[in-house]
Structure formats: structure tokens, C-alpha cells
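Numbering (this note's numbering) for the sequence shown: 362 to 623.
Glycine residues also receive a C-beta, built at the ideal position from the N, C-alpha and C atoms.
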Amino acid sequence: MVAEERGTSVSKPPRRIRIIGIGSGHPDQITLEAAAAIESVDFVIAAAKSADDPLLESRREICRRHGAPELVAVPDPPRDRNDPADYTGAVTDWHEARAAAYEQVLLERDGDAAFLVWGDPAFYDSTIRIVERILARGNVEFDYDVLPGISSLQVLAAAHRIVMHEVGQPILVTTGRRLAAAVEQGHDNLVVMLDGGLACSALAGEPRWHIWWGANLGTSHQELVAGPLADVLPQVEAARARAKAASGWVMDTYLLRRPAVR
Ligand SMILES: C[S@@+](CC[C@H](N)C(=O)[O-])C[C@H]1O[C@@H](n2cnc3c(N)ncnc32)[C@H](O)[C@@H]1O
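Take a look at the structure:
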């Protein structure tokens with residue numbers, strides 16, 4: 362006998378939004394947990410930065426492999442990338458515009474949805490913040506969960522077969538635009554992400570810096586360079602250009618370390 366026949370009501374489980382880390386490039390980096398989560402949803406929402414966005418195609422391939430949920434491509438709202446004076450304000454406006462665009466998709470469709478987040482959702486990715494914004498707008502009700510992915514940080518360390526810090530020492534993860542300030546503050550073991558302009562070039566005058574660099578990590582066009590920064594910088598630049606030519610996109614992450622003077 363079903364519950365309704367017994368006179369009790371069964372509430373429908375809340376709609377679910379799943380924020381799924383998908384690793385840093387290769388479809389084999391998807392965890393079993395992430396694969397099951399992709400298969401569990403009715404559709405996937407993905408930002409399209411352009412009509413031929415190569416990262417959108419990677420997500421399409423992942424959907425094809427895991428239950429083939431529909432991929433709903435949402436044109437990404439424009440963002441002020443000219444290093445605006447109010448950087449945080451510009452990013453907040455962009456997040457709000459993204460939240461409004463994704464909310465529209467959720468209003469137009471029923472069922473559970475997923476966001477496939479590059480690497481791990483905890484590192485330099487705002488999907489969690491944007492999903493919280495959609496909830497705060499109050500027009501769509503849902504629960505959400507977050508599934509970890511393999512971050513580019515981890516792929517970099519594994520590819521170079523290194524531990525990211527000396528025994529018991531700390532590590533700072535930062536961005537290209539904050540690298541100079543972090544070095545100024547005395548940090549000497551740093552992972553740098555979001556650095557389209559190789560900000561480490563400015564440190565090449567100090568011979569103690571060593572770099573472990575990787576581009577398009579985890580993909581068949583992965584490039585790796587390691588060595589004293591001043592010596593290998595030209596190799597890094599050439600490898601970066603190769604990765605871009607081969608994949609149509611380039612993303613790089615690197616570890617910089619300067620041994621203490623004893
Ligand atoms: C928006 S952040 C996303 C980071 C991601 N959530 C993660 O855990 O790796 C983009 C930055 O991540 C790094 N990145 C992501 N995928 C990469 C890859 N396959 N190879 C090298 N770096 C990558 C680059 O520093 C890039 O500028």
C-alpha cells in the first residue's frame with residue numbers, strides 16, 4: 362500500500378543541483394563518484410565563452426561518456442577584464458549576471474542539474490558562489506552538493522613527481538596578479554594559477570628561484586618544464602605556445618621555490 366492510500370503524504374525530494382569536479386583535462390580523471398553524479402542528472406549547465414569554446418566540447422564529451430544528459434550551453438555574460446580599479450566589484454557583477462542566466466535555465470526546465478567544474482570546485486572557481494547566489498535570489502528552490510575533482514595542482518605535482526613543499530613547510534597558492542606581492546611578503550614556496558602573462562618572468566633576475574611548470578596538464582598535449590627559473594624561462598614560453606597551438610587553448614600552473622640562504 363502506498364503512503365497516500367494510507368492517508369499520509371509523501372513529499373517530493375527537493376530538486377538537486379550537483380557541482381561536480383571533473384579533473385583538469387582528461388576524461389579519465391573523472392572519479393567514479395563524479396561519473397555516477399553526472400549520470401544522475403537530467404541536464405548539465407555550462408557557460409559558453411564563444412560559439413566554438415573548446416572547453417565546452419570537453420564537457421560535451423564527458424556528458425556523452427556518462428549517461429548523456431542534455432548539455433545546456435549558456436552564453437557567458439561579458440566581464441570587464443581590463444584590470445578594473447574595482448576588481449572585486451567587477452567579478453561580483455559578473456557572478457550576478459551568471460546567476461541570473463543559470464536561474465533562467467532552471468526556471469525553464471524541470472529536473473536535477475549539474476555544473477561540471479574544471480579541476481576541483483574549491484580552487485579558483487566560483488560555481489559554488491554562483492549557485493548560492495541563485496538560491497539567495499529566491500526564485501528557484503533546490504538542494505545542492507559538491508563533489509571534489511582532481512585539481513591542476515595535483516596533476517602538476519604528480520606529473521613532475523614532486524611533493525609541493527619541503528618537509529613540514531607551508532605552501533601558498535596564489536594567482537599571477539598577486540605573485541609579486543606574495544614574494545614581497547617573503548613567501549618562497551608558491552603555486553601560481555590564473556597567470557596568462559607568466560608573471561614569474563619578473564623574478565628571473567634572482568638565481569635561486571626554481572620552477573616546476575605545466576600546461577594543459579592531464580591532456581594529450583601536456584607540456585612540462587622544470588629547472589632554474591632564469592635558465593628555463595625561454596623553454597616555458599616555447600612550450601606554452603606549443604600547447605596553445607596543439608589544443609586551441611592553454612592553461613598553465615606552476616610551483617616556484619626559492620631555497621633559504623643558509
Ligand atoms: C579558473 S581556474 C580553475 C582551477 C581549477 N578549479 C582547478 O582545481 O585546477 C583556471 C586555472 O587553473 C589552472 N588549470 C586548470 N586546468 C589546468 C590544466 N589542465 N593544466 C594546467 N593548469 C590548469 C590554470 O592555472 C588556470 O589558469
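Between which two residues does the beta strand (DSSP E) containing D613 stretch?
-> Unbroken beta strand (DSSP E) run through D613: D613 to R618.
Are three or more beta carbon pairs between the region 522 to 538 and the region 486 to 506 nearer than 8 Å?
-> no
Decide if N577 is buried, meaning its Cβ has at least 16 other Cβ atoms within 10 Å, or exposed.
-> buried
Flag this pair as touching only if the region 507 to 520 and the region 463 to 472 have three or more C-beta atom pairs under 8 Å; answer yes or no.
-> no
Spatial distance of V586 from P620 (CA atoms) = 19 Å
Please classify G450: is it buried, with 16 or more other beta-carbons within 10 angstroms of its beta-carbon, or exposed?
-> exposed
Length at least 3, wholly inside the region 378 to 451: the beta strand (DSSP E) runs in chain order | 404 to 409 and 431 to 436
Nearest-angstrom Cα separation, counted from P439 out to C424 | 26 Å
What residue range is occupied by the uninterrupted beta strand (DSSP E) comprising I572?
-> H571 to A576
Nonlocal neighbours in the same chain, by C-beta distance under 7 Å from W455, ignoring five residues either side | P438 and R440
Does at least one heavy atom of ligand 3 sit under 7 Å from the Cβ of S562?
-> In terms of ligand content, the structure shown lacks ligand 3 and carries ligand 1 instead.
Once you ignore the five residues that flank A409 on each side, which residues in its own chain have a CB closer than 8 Å to its CB?
-> Sequence-distant partners of A409 (beyond 5 residues in either direction) whose C-beta falls short of 8 Å from its own C-beta, in its chain, are L417, A434, V435, P436 and D437.
Residues of its chain near E430, where Cβ-Cβ distance is below 8 Å and the 5 sequence neighbours each way are ignored | First, the residue type needs correcting, since residue 430 is Pro and not Glu in the sequence shown. I399, E400, V402, D403, F404, V405, C424 and A475, listed in sequence order.
Pairwise C-alpha distance: S562 and D592 = 11 Å
Consider the C-beta atom of T614 and the heavy atoms of ligand 1; say whether any pair is separated by less than 7 Å.
-> yes
Sort out for me which residues DSSP pairs F476 with in a bridge.
-> I380 and I406
Going by C-alpha distance, which of F503, V516 and D473 is nearest W479?
-> V516
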